[in-house]
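Residue numbers (UniProt numbering), protein chains in the order written: chain A, 1 to 114; chain B, 1 to 114. The structure appears below as structure tokens.
Number of protein chains: 2
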Amino acid sequence: MSNNNLIKGSLQTIILKLLEENDKMYGYEITQRVKELTEGEIKITEGALYPALHKLEAEGMLTTEIQQVDNRVRKYYSLTKDGQKEVSAKMSELQSFVGNLQRILDPEWKPGLA
Amino acid sequence: MSNNNLIKGSLQTIILKLLEENDKMYGYEITQRVKELTEGEIKITEGALYPALHKLEAEGMLTTEIQQVDNRVRKYYSLTKDGQKEVSAKMSELQSFVGNLQRILDPEWKPGLA
DNA sequence: TTATATACATAAGAAAGTTGGGTATAAAAA
DNA sequence: TTTTTATACCCAACTTTCTTATGTATATAA
Chain A
1 MSNNNLIKGS LQTIILKLLE ENDKMYGYEI TQRVKELTEG EIKITEGALY PALHKLEAEG
61 MLTTEIQQVD NRVRKYYSLT KDGQKEVSAK MSELQSFVGN LQRILDPEWK PGLA
Chain B
1 MSNNNLIKGS LQTIILKLLE ENDKMYGYEI TQRVKELTEG EIKITEGALY PALHKLEAEG
61 MLTTEIQQVD NRVRKYYSLT KDGQKEVSAK MSELQSFVGN LQRILDPEWK PGLA
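The structure is reproduced here in structure tokens:
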């Protein structure tokens with residue numbers, strides 16, 4: 001990520017969630033998707049992404065499949081069954097954390113009221 | 001923080017924001033306030049808190065003042081002028097980060113719609 | 001008398017990033 | 001034609017920030 005010392009810990013969730021929505025993605029594609037969705041505000045660095053992908057694969061959350069496209073190698077990742085379960089877990093963890101953050105930082109804040 | 005490896009870097013923002021609202025707080029008080037506000041869901045560990053306070057002080061964001069209360073020492077922290085500026089900076093950083101997270105994780109999400 | 005609460009602090013280690021490097025192909029710009 | 005940019009993968013050194021464990025000290029509750 002760039003310009004953000006925040007995020008540590010949410011990268012895994014981002015990867016898993018994108019793969020839940022897209023079924024199959026390769027590393028470079030993930031960086032571009034995130035850049036797109038955030039209008040360039042979050043840039044996932046390769047030094048963060050690839051180790052995270054390898055770790056998730058080692059933990060059995062992802063499987064890989066290599067494809068040749070235009071003489072270039074692409075490594076596609078998809079969710080395993082464990083990975084599918086993990087998406088929900090990580091998502092609710094993150095959502096409850098963000099909710100708690102709001103309660104700390106914005107005393108006016110109530111869930112569901114913008 | 002406990003049970004939450006999420007969003008490293010938000011502890012500083014939490015400290016600064018609480019001090020903006022309360023003018024003057026001591027370490028233990030901060031841990032209790034956060035526990036209160038999140039109904040026990042976020043527990044700031046002392047191993048995280050005290051180094052963070054010392055760092056913010058070293059950076060000139062906070063000043064300290066020691067008080068004796070019931071034979072116990074309390075170290076009160078307050079914002080410096082630089083600290084006051086930093087609160088706004090950190091808050092908008094964090095808010096924009098959370099917004100970007102929503103854009104990635106919840107494609108339906110629009111700002112201001114719950 | 002022992003555990004819990006209050007109140008500070010440090011230190012070893014883990015986790016997860018950044019930064020900077022490397023390899024390789026293809027297309028666009030200088 | 002050479003260099004830069006884009007695509008596509010990877011690793012290693014380092015830094016930051018947290019967890020876990022420990023230590024000191026007083027006061028209160030079990």
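Glycine included, every Cβ here is placed at the ideal spot set by N, Cα and C. All values reported here derive from a predicted model rather than from experimental measurement.
Report the partner residues of residue i according to the DSSP bridge assignment.
i      : result
K75(A) : I66(A)
L26(B) : The amino acid at residue 26(B) is misidentified as Leu; the sequence shows Tyr. Y26(B) is bridged to Y76(B).
Would you grab the beta carbon distance between residue i and residue j for me? Rounded to a whole angstrom, and I think it's under 8 Å.
i       : j      : result
T45(A)  : L62(A) : Not quite, the Cβ-Cβ distance comes to about 19 Å (not below 8 Å), so this is no contact.
L105(B) : M91(A) : 7 Å
S96(A)  : E41(B) : 7 Å
K8(A)   : K8(B)  : 4 Å
Considering only C-alpha positions, which residue in the set the options is nearest to residue i?
i       : options                               : result
G27(B)  : E20(B), P107(B), T38(B) and I15(B)    : I15(B)
E59(A)  : Q84(A), V98(A) and F97(A)             : Q84(A)
Y50(A)  : Q12(A), E36(A), Q95(A) and I104(A)    : Q12(A)
P107(A) : A89(B), R33(B) and S96(B)             : R33(B)
K75(A)  : I30(A), I42(A) and R103(A)            : I30(A)
E21(B)  : E41(B), K8(B) and S78(B)              : S78(B)
T38(A)  : K110(B), R103(B), W109(B) and P111(B) : R103(B)
Output the distance between the C-alpha atoms of residue i and residue j, rounded to the nearest integer angstrom.
i       : j       : result
A101(A) : D70(A)  : Note on residue identity: the sequence assigns Leu, not Ala, to residue 101(A). So the two alpha carbons sit approximately 46 Å from each other.
V87(B)  : D23(A)  : 40 Å
G47(A)  : L53(A)  : 11 Å
V98(B)  : D82(B)  : 24 Å
T64(B)  : L19(A)  : 48 Å
K35(B)  : Q68(A)  : 52 Å
V73(B)  : I66(B)  : 7 Å
A89(B)  : M25(A)  : 35 Å
K43(B)  : K110(B) : 30 Å
E57(A)  : E57(B)  : 41 Å
K17(B)  : K17(A)  : 31 Å
Would you say the beta carbon of residue i is closer than 6 Å to some non-hydrogen atom of the ligand NAP?
i      : result
F97(B) : Among the components of this structure there are no ligands whatsoever, and the ligand NAP is therefore not found.
Name the chain B residues that come within less than 8 Å of residue i, Cβ to Cβ?
i      : result
M91(A) : L105
T38(A) : N100, R103 and I104
S96(A) : E41
Whose Cβ in chain B lies nearer than 7 Å to the Cβ of residue i?
i      : result
K55(A) : Correct list: empty, because the minimum Cβ distance to chain B is about 13 Å.
Just the chain B side, please: which residues come within less than 9 Å of residue i by C-beta, in chain order?
i      : result
I14(A) : L101, I104 and L105
Against residue i, what residues of chain A qualify as contacts under a CB-to-CB distance less than 8 Å, listed in chain order?
i      : result
K17(B) : I104 and L105
Interface residues of chain A around residue i at Cβ under 7 Å?
i      : result
V34(B) : I104
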